[in-house]
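*Asks:*
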Amino acid sequence: MLTVGVAGLGRTTLSLVREMGRMLLFLSSTVAWLFRPPLRPFQILKQLHFIGFKSTFVVVLTAAFTGMVLGLQGYYTLRKYGSEAALGAAVALSIIRELGPVLAALMVTARAGSAMTAEIGIMRITEQIDALDTMAINPLQYLISPKVVAGLIGVPLLVAIFDVVGIYGGYLVGVDLLGGNSGAYWNSIESAVEWKDVYGGIWKSISFGLIVTWVCCYKGYYTRMSAEGLGTATTEAVVLASVLILVWDYFLTSVLL
Numbered sequence: 208m209l210t211v212g213v214a215g216l217g218r219t220t221l222s223l224v225r226e227m228g229r230m231l232l233f234l235s236s237t238v239a240w241l242f243r244p245p246l247r248p249f250q251i252l253k254q255l256h257f258i259g260f261k262s263t264f265v266v267v268l269t270a271a272f273t274g275m276v277l278g279l280q281g282y283y284t285l286r287k288y289g290s291e292a293a294l295g296a297a298v299a300l301s302i303i304r305e306l307g308p309v310l311a312a313l314m315v316t317a318r319a320g321s322a323m324t325a326e327i328g329i330m331r332i333t334e335q336i337d338a339l340d341t342m343a344i345n346p347l348q349y350l351i352s353p354k355v356v357a358g359l360i361g362v363p364l365l366v367a368i369f370d371v372v373g374i375y376g377g378y379l380v381g382v383d384l385l386g387g388n389s390g391a392y393w394n395s396i397e398s399a400v401e402w403k404d405v406y407g408g409i410w411k412s413i414s415f416g417l418i419v420t421w422v423c424c425y426k427g428y429y430t431r432m433s434a435e436g437l438g439t440a441t442t443e444a445v446v447l448a449s450v451l452i453l454v455w456d457y458f459l460t461s462v463l464l
């Protein structure tokens with residue numbers, strides 16, 4: 208029984224190592240094709256519209272209610288200590304450092320990442336990717352690279368929108384609804400938020416954009432040739448990308464502090 212358990216653990220470990228190696232090779236090949244002609248700016252703009260513009264509504268909606276909840280909870284918590292003037296700083300730092308990059312990336316994963324996996328997976332099942340190879344068009348350059356570039360550009364822009372909307376949502380609740388001081392709200396933000404906080408959020412958003420497009424495209428590219436395999440690949444892509452976002456967020460936070 209012990210031998211069987213050890214053998215199963217070994218097989219699982221080797222399978223995991225192989226999967227990680229294949230994912231890294233997939234990413235390195237995609238990055239290499241980014242700098243080889245022909246460049247495809249139209250494809251990049253198309254994917255930027257899909258990943259960035261079409262995700263704007265859900266990101267704005269999430270940001271507004273996130274900021275409103277932070278404003279509501281923060282106001283009543285700080286009021287116990289007579290520190291309502293620090294509400295703006297609490298809302299802004301929470302959103303800029305953590306909630307903005309993480310929640311925006313998770314929303315992009317749920318809306319655009321799953322769609323990317325399904326799109327590429329269907330192309331794999333219907334042999335459209337093999338047809339690109341037959342026509343001497345590299346699938347990584349034509350399909351994957353534009354999505355990666357669009358993710359690197361689109362997610363940081365969505366995070367910037369999230370930050371602005373979230374901070375204003377906290378203002379609406381903390382000041383307009385609960386009667387906090389408007390000047391104290393903005394002054395606390397100005398005095399507490401530093402450029403390193405903004406830079407940290409930018410670096411996080413760029414890395415999250417890479418994670419989302421990398422994982423979702425990989426799962427779709429290597430999906431199993433069945434409808435069940437496509438559903439499994441889509442689920443795995445969303446779950447794995449979300450987990451990696453949270454894990455990488457902790458690592459970056461520990462490094463950037």
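Remember, our numbering sits 207 above the position in the sequence shown when you count from 1.
Just so you know, even glycine gets a beta-carbon here, dropped at the ideal spot from N, CA and C.
Quick check on DSSP: helix, strand or coil for A343?
*Replies:* coil
*Asks:* Give every residue of the same chain whose Cβ lies closer than 6 Å to the Cβ of A297, excluding the five residues on either side of it in the sequence, and list them in chain order.
*Replies:* Taken in chain order, the residues that qualify are G281.
*Asks:* Do the segment 377-394 and the segment 315-323 make contact, defined as three or more Cβ pairs closer than 8 Å?
*Replies:* These segments do not touch.
*Asks:* Determine the burial state of T333: buried for a count of at least 16 other Cβ atoms within 10 Å of its Cβ, exposed for fewer.
*Replies:* exposed
*Asks:* Expressed to the nearest angstrom, what Euclidean distance is found between the alpha-carbon atoms of S301 and V213?
*Replies:* Cα-Cα distance, rounded: 44 Å.
*Asks:* In the structure shown, what three-state DSSP assignment does V371 receive?
*Replies:* helix
*Asks:* Report the residue ranges of all alpha helix (DSSP H) runs contained in full by the segment 260-313; include only those spanning at least 4 residues, in chain order.
*Replies:* Those alpha helix (DSSP H) runs which fall completely within the segment 260-313 and span 4+ residues are 263-286, 294-301.
*Asks:* Starting from A391, trace the alpha helix (DSSP H) both ways and give me its first and last residue.
*Replies:* 389-399
*Asks:* Taking just the CA atoms, how far does T210 sit from L364?
*Replies:* 52 Å
*Asks:* Three or more C-beta pairs closer than 8 Å, one from the segment 351-368 and one from the segment 405-417: is that the case here?
*Replies:* yes
*Asks:* Within a Cβ cutoff of 7 Å, which residues of the same chain sit near V267, ignoring the five residues on either side of it in sequence?
*Replies:* I368, V372
*Asks:* My guess is that Y349 and R247 are in contact by the Cβ rule of under 8 Å, so how many angstroms apart are they, rounded?
*Replies:* 7 Å
*Asks:* Find the nearest neighbour of I329 within the set S290, T442, L437, L447, judged by alpha-carbon distance.
*Replies:* L437
*Asks:* According to DSSP, simplified to helix, strand and coil, what is E334?
*Replies:* coil
*Asks:* So, does the segment 234-254 touch the segment 341-348, judging by three or more C-beta pairs under 8 Å?
*Replies:* yes
*Asks:* Would the segment 381-391 and the segment 444-462 be scored as touching if the rule is three or more Cβ pairs under 8 Å?
*Replies:* Too few Cβ pairs lie closer than 8 Å, so no.
*Asks:* Could you tell me the distance, in whole angstroms, from the CA atom of E435 to the CA atom of V265?
*Replies:* 28 Å
*Asks:* What span of residues does the alpha helix (DSSP H) with S425 cover, start to end?
*Replies:* Checking the sequence shown, residue 425 turns out to be Tyr, not Ser. First-last of the alpha helix (DSSP H) with Y425: 402-428.
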